[in-house]
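Engineer: Following this note's numbering, the numbering of the sequence shown begins with 6 at its first residue and continues without gaps.
Each residue gets a CB set at the ideal place from its N, CA and C atoms; glycine is no exception.
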Amino acid sequence: MNDLLTRRSVLAGLGVLGLGALAGCDSSPKLDFKYGKDLSNKILGRSFKLQDVHGDTYALSSFYGSMPMVFFGFTQCPAICPTTLARAVQIKKLMGRDGDFLKVVFITLDPERDTPQVLEDYVKAFDPTFTALSGTPEQIAATAKEFGVFYEKVPLGDSYTVSHSSTSFVFDSRGRLHLGLAHSLTAKECAEDLLTLMEIC
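#1: DSSP three-state call for Ile85: helix, strand or coil?
#2: Tell me, please, whether the stretch 183-190 touches the stretch 41-50 by the rule of three or more beta-carbon pairs shorter than 8 angstroms.
#3: According to DSSP, is Tyr156 part of a helix, a strand, or is it coil?
#4: Along the chain, where does the beta strand (DSSP E) containing Val123 start, and where does it finish?
#5: Let me check one thing: in DSSP terms, what residues is Ile112 bridge-paired to?
#6: By the 10 Å Cβ neighbour count, where 16 or more other Cβ atoms means buried, how is Pro73 classified, buried or exposed?
#7: Might you give, ordered along the chain, the residues of its own chain that have their beta carbon closer than 6 angstroms to the beta carbon of Thr172, omitting 5 neighbours on each side?
#8: Would DSSP call Gly201 helix, strand or coil?
#9: Look up Glu143 in the DSSP assignment and say whether it is helix, strand or coil.
#10: Buried or exposed: where does Ala93 fall if 16 or more other Cβ atoms within 10 Å of its Cβ makes it buried?
#11: What does the Cβ neighbour count give for Ile48, buried or exposed, with the cut at 16 atoms within 10 Å?
#12: Gly60: which of Leu124, Gly70, Leu107 sits nearest, CA to CA?
#13: Quick check on the DSSP output: the beta strand (DSSP E) that includes Leu184 runs from which residue to which?
#14: The beta strand (DSSP E) with Phe176 in it runs from where to where?
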């Protein structure tokens, strides 16, 4: 069986869509995602500015023209972060050619240990197209607050781990937030909602 999803097949499974939804997100006040949470009424992540391994500054506007999926984590994360990044790899495969439109953005919550090079090597090991971003602890705290992301250091022996929320935030090509994907969702469920967003927006 071919698991490759297409926007046409996803929409066919949704049944009849209103003409307003097909006209674009501006005329559709609420998007009907099957699995993820509709965040269209939220204003998050509009003003962050962080750096990649080369010191280049990225903002939400840096991803205009694509569909950025933003996730917060850290490289020493034992489970949630690696499984989320591995799921993102599978999502892109399931989306076929449309997967090239998806831009995965990983923002560290542990800038003290996640140096730019460590962060870059970690993320690129999953997919060379993924973008890794960091900043000062103050910049990271401000960015997490802007997204409503919870995180805190938790003592672990002589070191610490980081407890954090695990939602992936998906924006459209014009930088408008629409979709929150929980860690519990499968790659196929995420891909269906992402293709729905691409078709409607």
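Structural biologist: Quick answer:
#1: The count along the sequence shown starts at 1 and reaches residue 85 at position 80. Helix, per DSSP.
#2: Output reads yes: the stretch 41-50 touches the stretch 183-190.
#3: Locating residue 156 in the sequence shown gives position 151, where the first residue counts as 1. Residue state, collapsed to three classes: strand.
#4: Residue mapping note: residue 123 aligns to position 118 of the sequence shown, counting from 1. Here Val123 belongs to no beta strand (DSSP E); instead the alpha helix (DSSP H) covers 121-129.
#5: As a working note, residue 112 is residue 107 in the sequence shown. DSSP lists Phe77, Leu138 as the beta-bridge partner residues of Ile112.
#6: Here residue 73 refers to the residue found at position 68 when the sequence shown is read from its first residue. Classification for Pro73: buried.
#7: Position 167 of the sequence shown, counting from 1, holds the residue named residue 172. Excluding residues within five positions, the ones whose Cβ falls inside 6 angstroms are Gly185.
#8: What you label residue 201 is simply residue 196 of the sequence shown in a count that begins at 1. It is Thr, not Gly, that sits at residue 201 in the sequence shown. Thr201 falls in the helix class under three-state DSSP.
#9: Your numbering for residue 143 matches position 138 in the sequence shown. Residue state, collapsed to three classes: helix.
#10: Taking the first residue of the sequence shown as position 1, residue 93 is located at position 88. Classification of Ala93: buried, given that the 10 Å Cβ count is 16 or more.
#11: For the purposes of this step, residue 48 is taken as the residue at position 43 of the sequence shown. Classification of Ile48: exposed, given that the 10 Å Cβ count is below 16.
#12: Sequence index remark: in the sequence shown, residue 60 carries index 55 (1-based). Taking the Cα of Gly60 as reference, the smallest distance to any Cα among Leu124, Gly70, Leu107 is reached at Leu124.
#13: On the sequence shown, position 179 is the one that residue 184 refers to. Residue range 182-186 is occupied by the beta strand (DSSP E) that includes Leu184.
#14: Here residue 176 refers to the residue found at position 171 when the sequence shown is read from its first residue. It spans 173-176 - the beta strand (DSSP E) in which Phe176 sits, taken as one unbroken run.
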